[in-house]
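Residue numbers (full-length UniProt numbering), protein chains in the order written: chain D, 1 to 322; chain G, 1 to 322; chain S, 1 to 322; chain B, 1 to 322. Note that beta-carbon positions come from the ideal geometry of N, C-alpha and C, so glycine has one too. Just so you know, these numbers come straight off a predicted model, no measurement behind them.
Number of protein chains: 4
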Amino acid sequence: MTGGAGAAPTPPPAGTGNGPAVSRREFDALFARVRAWGRWAPADRGAWNRVTPEHVRRSAALVRSGTAVALGRPWNTAAGPDNPTPALHYMSDLGDIEPPEPATHKDFIGVDYHGKAVTHLDALSHAAYRGQLYDGRPARECVDAGGARFGAVPALGPLVTRGVLLDLPAVAGCGWLEPGRAVHAGDIASAERALGVTIGEGDAVLLRSGSVRRRREAGAWDPGTASAGFHVDAVPLLAERGIALLGADGDNDVRPSPVDGLHSPVHALALVAMGVPLLDNLDLEALSVAAAETGRYAFLLVVTPLDIPGGTGSPVNPVAVL
Amino acid sequence: MTGGAGAAPTPPPAGTGNGPAVSRREFDALFARVRAWGRWAPADRGAWNRVTPEHVRRSAALVRSGTAVALGRPWNTAAGPDNPTPALHYMSDLGDIEPPEPATHKDFIGVDYHGKAVTHLDALSHAAYRGQLYDGRPARECVDAGGARFGAVPALGPLVTRGVLLDLPAVAGCGWLEPGRAVHAGDIASAERALGVTIGEGDAVLLRSGSVRRRREAGAWDPGTASAGFHVDAVPLLAERGIALLGADGDNDVRPSPVDGLHSPVHALALVAMGVPLLDNLDLEALSVAAAETGRYAFLLVVTPLDIPGGTGSPVNPVAVL
Amino acid sequence: MTGGAGAAPTPPPAGTGNGPAVSRREFDALFARVRAWGRWAPADRGAWNRVTPEHVRRSAALVRSGTAVALGRPWNTAAGPDNPTPALHYMSDLGDIEPPEPATHKDFIGVDYHGKAVTHLDALSHAAYRGQLYDGRPARECVDAGGARFGAVPALGPLVTRGVLLDLPAVAGCGWLEPGRAVHAGDIASAERALGVTIGEGDAVLLRSGSVRRRREAGAWDPGTASAGFHVDAVPLLAERGIALLGADGDNDVRPSPVDGLHSPVHALALVAMGVPLLDNLDLEALSVAAAETGRYAFLLVVTPLDIPGGTGSPVNPVAVL
Amino acid sequence: MTGGAGAAPTPPPAGTGNGPAVSRREFDALFARVRAWGRWAPADRGAWNRVTPEHVRRSAALVRSGTAVALGRPWNTAAGPDNPTPALHYMSDLGDIEPPEPATHKDFIGVDYHGKAVTHLDALSHAAYRGQLYDGRPARECVDAGGARFGAVPALGPLVTRGVLLDLPAVAGCGWLEPGRAVHAGDIASAERALGVTIGEGDAVLLRSGSVRRRREAGAWDPGTASAGFHVDAVPLLAERGIALLGADGDNDVRPSPVDGLHSPVHALALVAMGVPLLDNLDLEALSVAAAETGRYAFLLVVTPLDIPGGTGSPVNPVAVL
C-alpha cells in the first residue's frame, strides 16, 4: 500500500479494443471444440503428456548462448491495487535462536499465490467450469479443504520443453500493450512471422504484453479491471498447435472479459477444456531483451513447481535458457 | 505427529564411524585453506559465478534420454521428529469465494523451510562463522528483521549446470548409509571411479545417502541427532575441484558433528568460506534408479529458487535431466 | 518436538474407567433430550442468551478478594504429541524496519487453534452432527471456505457471567485425574457438595482434571488417545441446570469416547444440541490454588473472544475474578 | 484493497490544529518529567502494578445495568490504506479432514497485529526510545528474533480495572474529530467536567475520536498521515493521575506528530517513560451510545491479552461492563 497506485487505465469500450463480444453459447461451442478430455494418462498431467522425452531432448538442443534468464517476479510483501493478499516474509532466526557456531539465519515465507502478484503455475485443479474440472471430473468430489485429489500440482511434475516468446510489444514497436488490449489469433500469426518462430506440439507459449514494464514506468493498477491478454478467439489456434503450457506476464485472460458472464474464459478453456496449465504473472522483460539481442524467440524452458500434495498450483521461477 | 517415529538410530561412537574428531583449531585451518573470498563479482553469487555460459551449454548437451527427474520432497504439513515446524497448506477458495464462472480453487502455503524436512536451497546469507558471512561481510550489518542485504537468494538467480550424483549406497551395494556415517574424501574418490564420473569445475555435487528410503522403510528419526553426510575432511577435495553447488538427501553435514563446538561445520565451510550454496533434504531415490538404468551419473541440473528479496534461501524442486 | 513425550498413559478398558459404553441409538435419544433448538434469538448466540444483564450484575457482585486469575495456556510454538500444528510467532520488526524514533518491535502470530494445545472458545459453528449445526441449520449451507455464516464467533460477543470450578482432583485429594477417567453426573453432584457450590442458570462450568499439572510433571501425551473429561451421561444434569458455557483443562470430552462411532460426543451435545459454546484446553492450576485458599468455587468469569467474521471460535485467555 | 479509499483528509497545518510544535529537547524534558522507572516489581508489568485488588473490587462494584460492550474491531482480512498487512483467515477443516461424527469446522488465523487495523494491546517491549525500553533496559539486549525477554505481554496478565471514556465528539457535539486534531490537557479536563467523571489512580483512559464512525461514513484513509490523538502536552496530566492504561480508537498519537523527528511521541512517553501499556484501534462507537444512554462514563473494563511468550503485545477484544 506504500506508494500510490498508477493512473488507472481506461479500458477500451467492449467490442472494440478487447475484441468481439462472445455470448455464453458461443463460448460453450468453443469449449466443446477445443476440449481434450479422455485423451491422456495420467489424466491430470493433461497437455504436459505431450512433452515426450524426444521433446525434452530437442528443447535441450536449442541452447546456443548459454544465457539463463529467470522469468519470476520478486516475492511481493507490499499490498497494492494488484496485490490484495501480500506475501509474508519473516525472519525466524537471526543467529540468536539456534545455538552457534555457525550462526544461522532463517526465514518463514507464506503466500496465497493465485491472483495477480505472484508468478505461479496453475495446476488443472485450479479452475472448474459448469462444476467440472478437466476431464469432466466433478469439482465437488475432487476438491475440499484438504486440497485437490485430481489435478493437483504433484501430478504435473517438472516441465522441460521448448518455450516460444510472443513478444507483442516488440512486434508492434511499442513499450507495452495497453491494459484491455486483446490478443487474437491474427496477432499470434503475425508475431510468428515477425519473430521467425512457429508454435508447435508440446511448446510452452509465453505472451509478453509488457505489463511489468508498464507497472514500473506508470505505476500499479488493478489488473482485474483491465489487462492485456488472450481473447478466447485465439485459443483454437493454440489448441490446433498442441501446446503444453500457456503463460503470460499477466494472467493470460484479457480483461474486461469479452465473454458474457465469465470473468476468466481463457482459464476455463486452457485448464478445464484443454488440460493446459497456465503460468501467470511472469516477468518477461529480461527475456524480451535477450531474445531481441539474439534474434531467437524459441528456447529451452524449465518450470519446476513445488511438490505440494493437494495443491492447486505453485509459486515458480521458470528459467529460459537461450 | 501422526504416525510413530521410527526406531531411533544409534549414532556411531565419536571418532569411529563419523570420525576423525577435529579440533576447532584444525577446523579454522581448514576454513582458511578453502576460503574463496574476494574472488568474484557479484560477490554474493559466490561459486555460482563459476557457471559460465559455456558450462550451461555443455550441461545442456548432456541430455540423452530426455528423462526429467524431480529431486524435491513433498511439502510436509505433518509434525514429526524431523519436522518440528510443519509446513502450512490451507485452501483459501473452494469455488465459493470468488464469483464463478469459472469457479476457482486457491490455496495458501507457508513454511519455515530451513531445517530437515523441506527441500531447499541455502543462499550465502544463511550461515555466519565467527560473525562473518561469506566474503568476510559482518553478519550483524547484513542481516536484520527485514532479511539479508548481502547473500540473499535473489543474488543467486537460477542455476543451470552439470549435476553429478554420488550414489554411495549404490557403490556400497546397500540400501542406505546409516545415520552418523561420515563421507570422506576417499569415499568421493571411490564413488567417482565406481560410477564413472569425475567432479569438475562448476559442477553441482549431489550426495545420496539413501536417507529418504530409510525414512520410508524404517520410519522418521531426528536427523539433528544422527545423519549421514560429509565429514569436513571431504571438503578440500570439493574445493579443489571448483564445485558450484553441494547437495544431499540430508543437510550435507554428518551428525553428530566431528568438529568440537560446531554443529554444522560443512555449512560453515561451504557457505561461509567457499561461497558454495547448499541444497538440503533432496529426494534422490528416483534419480538413483534412473542413473543406474542408464549408467550415467552426470546430467543437466536446473535449480530455480524463488526470487525472495532478503531471503536466506528458498524451497526448491530441482530437476535432473538425463 | 523438542523434549520427549511423557510416558503414554494406558487408557482404561472400555466400559470401566470411562464409564458405560453408549450405543449410537442411546446417544441419539440423549441428543433429543437435551436439544434446545428454536429457543433463542439470535439463535447463534445459543445458551449465551441465558446470560441476562441481571446475571452480569450478580456475577460482578461475586468479587471479594479482587484477585484476577488468567486461565489461558501459553502460545505453544513447539510441536509435540499434543500439538501437531504448532502456533507461529515471528518478529516482524526489531526496530530495524519502521524508522525510529521510537523504535518499534512487532510480531506476527498465527495458529490453527482448534485441537489440544491452544486455549480457545468453540463457537456454535465448530461442530455439526448428522449434517446439522445447532438449531438444525444445514452445515453445508452455512460453512464454506469463507467461514461460517451461522454460528460464527462474532455472534457470541463477550461473556460476563458466574464461573463455577469443578475441581475434581481437589475433591478426590489427588494431583490429577488419569487420562481416560470419565466424569459422570454423580461426580458433578459430589463436587458441588464438597466444594459448596451449586451450578445454576447461566453459569460457566469449568472442569479441572489436573491435566496441565500432569503434563508438567509427567510429560506430554496425545490427548486424542486418552484424556479425562465428561462422559455423555453427565450432560443431562448440565442441561437441566441451564448452563451457558462449558469448559475444561482438556477439550471436555473423555477419550476414548464411550459412544460407538463418535469421537467427540460431548462436543455434539453441547455445541449442536444445547447451543452451549465450549472452552477447551484451559489452564486451571492457578485458579485451583486461589479457590482452595479462599474456599470460593464461584466467581466472576470474563471471556472475550476475538471478533473474527466467519470464525468458528477464537483463541482466548479467560479471566476469573475472585 | 477492494473498495476505494475515502477522501483523504487534509491534515491541519502544523502548529495549528494539532497543537504547538515541540522540539526534541522539549520532548526529552517531558520524557524525564513523566518517567517512572525503578518504581515497580515486576518491572515489566509497569503501571498495571497500580491496579491493586482494591481497584479490582471497586471496578467490579461499578456495574449497574449489566450491559457488556465489546470494544474490538472485526478481524480485517482486506488490504486498504489503513491495513497494509491484512489479517489471515483460512478454513483448515470443513468437516472433510477430521473424520466425523461430529464433523468439525476449523480455521487458521494469522496477523501482524501492530499497525492501524487490529485492536491490540501494546506491551512495554513494543517501543524503545534512544535505545532503551521502559525501566532503562537496553532494547538490543532484551529483544531479538525469539521475541522480548523484558516487557513481553505475559508479564502483564489480564487487566480488571475502572475504565473512563473520554468521548470528545460527544462533548463537542460532532460526529468525530477530524484526522490531525490534537487532544490537549485542556480537552481532557473539559471532557471530565462535561461527562461527570474524574480520571484517577489505576484507571484505563479510553479516548474516542470517532474515527471508526468517520471510516464507516467517509471511507478509509491512511491514519499514519493524519489521525486524531493525544498531543504530548496532555501526557503530564495523565501521568499525574496515575493511569494504568491508555487506549483510543486510533493509536493514541495525533498525526502528523507535533514533535520534531518523532513519529509516535505518545508511544514513547506512555510505553517507555511511564510504563503504561496502550490499547490501539479500539471501536468505541457502541460504548459511546451506551455511555450516553446511561450517563455513566466510568465502568468495569476487562482486557485479556493472549499469553504469547516473548510477544510485544496481543490482539484483544476488551469488554466494558456498565
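In chain order, what residues of the same chain lie with their CB nearer than 8 angstroms to the CB of S/Met-1, ignoring the 5 residues before and after it? Interpretation of S/Met-1 is limited by its pLDDT of 32, a score under 50 that renders its predicted location unreliable; the figure taken from the coordinates is listed afterwards. Around S/Met-1, the same chain offers Ala-78, Ala-79, Gly-80 as residues with beta carbons nearer than 8 angstroms, after the five sequence neighbours per side are excluded.
DSSP state of S/Gly-115 mapped onto helix, strand, coil: Three-state result, S/Gly-115: coil.
Is the CB of D/Gly-3 under 8 angstroms away from at least one CB in chain B? In this prediction, D/Gly-3 scores a pLDDT of 34, lower than 50, which makes its location untrustworthy; no coordinate-derived value is stated.
Can you tell me whether DSSP reads G/Gly-313 as helix, strand or coil? strand
Are the CB atoms of G/Val-272 and G/Asn-252 within a distance shorter than 8 angstroms? No, these two residues do not count as a Cβ contact at 8 angstroms.
For the pair the region 169 to 179 of chain S and the region 188 to 198 of chain S, tell me if three or more CB-CB distances fall below 8 angstroms. yes
Please determine if the region 297 to 314 of chain S and the region 102 to 109 of chain S are in contact, where contact requires at least 3 C-beta pairs separated by less than 8 angstroms. no
On a CA-only basis, which of G/Asp-28, G/Gly-110, G/Val-118, G/Pro-154 is nearest G/Asp-44? Give me that one, please. G/Pro-154
Closer than 8 angstroms between beta carbons: that is the criterion. Which residues of the region 67 to 95 of chain S meet it against chain D? Leu-88, Tyr-90, Met-91, Ser-92, Leu-94
8 angstroms CB neighbourhood of B/Ala-60 in its chain, flanking five on each side removed: So the qualifying residues of the chain are Val-160, Leu-300.
For S/Leu-238, which option in S/Ala-286, S/Ala-189, S/Leu-279 has the closest C-alpha, if you only look at C-alpha atoms? S/Ala-189
N- and C-terminal bounds of the alpha helix (DSSP H) containing D/Phe-31: 24 to 34
Do the CB positions of B/Leu-278 and B/Ala-320 come within less than 8 angstroms of each other? no
What does the alpha-carbon distance come out to for the pair G/Asp-187 and G/Asn-76? 32 angstroms
Under DSSP, the beta strand (DSSP E) around B/His-126 begins and ends at which residues? No beta strand (DSSP E) holds B/His-126; DSSP gives it neither H nor E.
Determine the chain D residues that contact residue 385 of chain B at a beta-carbon separation under 7 angstroms, and present them in chain order. The question about residue 385 of chain B has no answer here: the residues shown for chain B are numbered 1 through 322.
Taking 7 angstroms as the cut-off, is the C-beta of B/Ala-152 nearer than that to any heavy atom in the ligand FAD? Inclusion of the ligand FAD in the displayed structure is not the case, the ligand content being empty and no account of it being possible.
Helix, strand or coil for D/Thr-304, going by three-state DSSP, please let me know. coil
Specify whether the region 136 to 155 of chain D and the region 112 to 128 of chain D touch according to this definition: at least 3 beta carbon pairs, one from each stretch, less than 8 angstroms apart. yes
Just to confirm the assignment: which complete beta strand (DSSP E) runs, minimum length 3, are found wholly within the region 247 to 312 of chain D? If we require 3 residues or more, the beta strand (DSSP E) runs fully inside the region 247 to 312 of chain D come out as 278 to 280, 298 to 303.
Whose CA, out of G/Val-205, G/Gly-261, G/Gln-132, G/Asp-82, lies closest to the CA of G/Arg-216? G/Asp-82
Where the region 97 to 130 of chain S meets chain D: residues whose CB sits under 7 angstroms from a CB there: Phe-108
Whose Cβ in chain S lies nearer than 8 angstroms to the Cβ of B/Glu-54? The contacting residues are Gly-66.
Counting along the chain, where does the beta strand (DSSP E) carrying S/Leu-237 start and finish? Under the DSSP assignment, S/Leu-237 falls outside any beta strand (DSSP E), being part of the alpha helix (DSSP H) whose first and last residues are 235 to 241.
If you draw a straight line from the alpha carbon of B/Ser-209 to that of B/Gly-250, how long is it in whole angstroms? 8 angstroms
Beta-carbon spacing of B/Ala-152, B/Gly-310 below 8 angstroms: Cβ distance < 8 angstroms, so B/Ala-152 and B/Gly-310 count as in contact.
Can you tell me which of D/Gly-38, D/Glu-101, D/Pro-74 puts its alpha carbon nearest to the alpha carbon of D/Pro-318? D/Pro-74
At 3 residues or longer, and completely inside the region 23 to 99 of chain S: list those beta strand (DSSP E) runs for me, N to C. 68 to 70, 88 to 94
Integer-rounded CB distance, given that S/Ala-228 should sit under 8 angstroms from S/Val-183: Confirmed, Cβ separation roughly 7 angstroms.
Can you pull the chain B residues whose beta carbon is under 7 angstroms from the beta carbon of S/Ser-264, in chain order? Pro-102
Inspect the beta-carbon positions of D/Ser-92 and G/Asp-112 and report whether they are closer than 8 angstroms. yes
Thinking C-alpha only, which one of B/Ala-185, B/Thr-312, B/Ala-292, B/Asp-280 is nearest B/Gly-19? B/Ala-185
Would you mind reading off the limits of the beta strand (DSSP E) that contains G/Asp-222? No beta strand (DSSP E) contains G/Asp-222, which DSSP labels as neither H nor E.
Is there a Cβ from chain D that is less than 8 angstroms from the Cβ of G/Leu-301? False, the Cβ-Cβ gap to chain D never drops below 8 angstroms.
Throw me the rounded Cβ distance for the S/Gly-247 and S/Ala-204 pair, which I believe falls under 8 angstroms. 6 angstroms
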